[in-house]
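Taking it in order: structure first as structure tokens, then the write-up.
Numbering (my numbering), first residue to last: 15 to 503.
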């Protein structure tokens, strides 16, 4: 069935591209690729290249243009935005209201719990849902989650693997342990004690594979980012049905305590079980996967870059000396500025989402491509505007030597404007950014306080990104090893 579905959909797309090859030229918008662009999109549709790589090529091959017209999959004209000021207007400024909706396709009847995610919800509903969650992530509230993080870090410290290990697997075990405790007050049993991995828990069995490459993940990515019709055809659910039932059971069985779900229930007493389950789903899915990905890639980049790891070790030793060896302390964590910069630099190189997609809900006009030119474009209602995060993060005009891992970028000049979109920007940026950085920084400090991280094999190739998933994932895993080091205090 899978090859037949792909053949029918791609054949229809090719015929449409051939029939309307001059669409953007008639609108006055340059379409520089023509048929070569079709080949690029086919590379994505056939699982040869990620959507981030496709958008990066369009971005890179069109210097000097503020925006570029092209065809996405399934006959859809779209606009890729390059200009920093225009990106700011769309994400934060005067055009935000014209394209506030994220172009992500989830069937709200099939995916009732996922429809409560502020990133997925559209219209006015995303504001209401986001307003429910934002109070959970104030600086004071995030500090209150530190005991949950500290307990997970202690388990992590007790079982640091000294042999060859897959970094994303270890990071996922840790983040699931944190979010299960911080959201529900539960022990997920994802990390054992005394250097012994516990048998796989339901948390690991059901959640660890959720956003990873699989036989269906390319079609699921295409349906999520491009086609609700394809999603209906393959019966795609963003949250699988067994998980939806389980999340509802967890919410119904909650017994109070000092956790995010209890804080939400107390602050929003009008929320019913379904609304709480929807918010719990958002907190859980957004809380574990992207942080695990960030931790795994940060360890990988530090293994590749000895000088950066040496500087991070110096910072860990200096801060630990001032705090009696305790790095999982709110003040100590706040002093780990280089460690945080290393995480932000890893996120620049490996953003969780390789592009943001906005849908025009009110027609507006894009400015002239060049000063003095009469080439302004009225964006039609429903048009998708692609904001190519990966391409922006790797633009040498914004980041000199963009492929090099240089954490000091974020010490010398904190991210401003839309140069850094690791958490999005503007009213729809990630509300859980503080908690994500807290749990990831705490894990990084825990793992590297007494260890160096190395590549598992000295001659191994660079990690390849899977072209099959909408969240960034490695194609063959991130294989590393730890070696004990002596603290210098």
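The C-beta atom is built at its ideal place from N, Cα and C for all residues, glycine as well.
Practice task
Round the Cβ separation of residue 283 and residue 198 to the nearest angstrom and send it over; I've been treating them as touching at under 8 Å.
Solution key: Their Cβ separation, rounded to whole angstroms, is 19 Å, which puts residue 283 and residue 198 out of contact at 8 Å.
Exercise for the section: Could you check the C-alpha separation between residue 76 and residue 233 for me, to the nearest Å? Expected result: 29 Å
Handout entry: Simplified DSSP state of residue 496, which is helix, strand or coil
Key = strand
Handout entry: Residues near residue 129 in its chain [Cβ-Cβ closer than 8 Å; skip 5 each side]
Key = 120, 122, 135, 292
Practice task
May I ask you to verify whether the segment 418-434 touches the segment 353-370, counting CB pairs closer than 8 Å and requiring at least 3?
Solution key: yes
Practice task
Sort out for me which residues DSSP pairs residue 367 with in a bridge.
Solution key: 485
Practice task
Compare the C-beta of residue 156 with all C-beta atoms of chain B and state if any pair is closer than 9 Å.
Solution key: The chain inventory of the structure shown lacks chain B, comprising one protein chain alone.
Handout entry: Three-state secondary structure assigned by DSSP to residue 130
Key = helix
Practice task
May I have a chain-ordered list of the beta strand (DSSP E) segments no shorter than 3 residues that lie completely inside the segment 374-403?
Solution key: 378-380, 391-393, 398-401
Exercise for the section: Note the first and the last residue of the continuous beta strand (DSSP E) segment covering residue 81. Expected result: 81-85
Exercise for the section: Just mark residue 497 as buried or exposed, buried being the case when its beta carbon has 16 or more other beta carbons within 10 Å. Expected result: exposed
Handout entry: Distance CB(residue 4)-CB(residue 111) smaller than 9 Å
Key = Outside the displayed range of the chain (15 to 503) lies residue 4, so it cannot be described from this structure.
Handout entry: Residue closest to residue 118, alpha-carbon to alpha-carbon, out of 240, 340, 334
Key = 240
Practice task
May I ask you to report which of helix, strand or coil DSSP gives residue 465?
Solution key: strand
Exercise for the section: State the Cα-Cα distance for the pair residue 181 and residue 333, rounded to the nearest angstrom. Expected result: 25 Å
Practice task
Determine, using beta carbons only, whether residue 224 and residue 303 come nearer to each other than 9 Å.
Solution key: yes
Handout entry: Segments assigned beta strand (DSSP E), at least 3 residues, entirely inside the segment 229-297
Key = none
Practice task
Just tell me which of 500, 92, 206 has its CA closest to the CA of residue 324.
Solution key: 500
Practice task
Identify which residue in 441, 465, 385 has its Cα closest to the Cα of residue 141.
Solution key: 441
Problem - residue 417 (DSSP reduced to helix, strand or coil) - result: coil
Problem - Cβ neighbour criterion (16 or more within 10 Å) applied to residue 480 - result: buried
Exercise for the section: Give me the Cβ distance between residue 493 and residue 187, rounded to the nearest whole Å; I'm assuming they're in contact under 8 Å. Expected result: Residue 493 to residue 187, Cβ: 16 Å. No contact.
Problem - Opening and closing residue of the alpha helix (DSSP H) in which residue 477 lies - result: Here residue 477 belongs to no alpha helix (DSSP H), and DSSP marks it neither H nor E.
Practice task
Look at the alpha carbon of residue 395 and the alpha carbon of residue 236, and state the distance between them as a whole number of angstroms.
Solution key: 22 Å
Handout entry: As assigned by DSSP and simplified to three states, the class of residue 432
Key = coil
Exercise for the section: Taking 9 Å as the cut-off, decide whether the C-beta atoms of residue 366 and residue 454 are in contact. Expected result: no
Practice task
Classify residue 113 as buried or exposed, calling it buried when 16 or more other Cβ atoms lie within 10 Å of its own Cβ.
Solution key: buried
Handout entry: Distance between residue 404 and residue 44 (C-alpha atoms, nearest Å)
Key = Reliability of the predicted coordinates at residue 44 is poor, the pLDDT of 49 falling under 50, and the value obtained from them is presented with this limitation in mind. Looking at the two C-alpha atoms, the distance is approximately 22 Å.
Problem - Run of the alpha helix (DSSP H) containing residue 94, from where it starts to where it stops - result: Segment 91-95 is the beta strand (DSSP E) holding residue 94; no alpha helix (DSSP H) there.
Practice task
Inspect the CB distances between the segment 141-159 and the segment 443-457 and report whether three or more fall short of 8 Å.
Solution key: yes
Practice task
Starting from the Cα of residue 194, find the closest Cα among 469, 473, 161, 176 and give me that residue.
Solution key: 161
Handout entry: Three-state secondary structure (DSSP) of residue 339
Key = coil
Practice task
Give, in chain order, every unbroken run of the alpha helix (DSSP H) that is at least 4 residues long and sits entirely within the segment 113-193.
Solution key: 139-147, 153-158, 160-172, 181-193
Practice task
Classify residue 116 as buried or exposed, calling it buried when 16 or more other Cβ atoms lie within 10 Å of its own Cβ.
Solution key: buried
Practice task
Compute the Euclidean distance between the alpha carbons of residue 443 and residue 398, then round it to the nearest angstrom.
Solution key: 18 Å
Exercise for the section: For residue 435, I'd like the list of residues in its chain whose CB is within less than 6 Å of its CB, leaving aside the five on either flank, ordered along the chain. Expected result: 403
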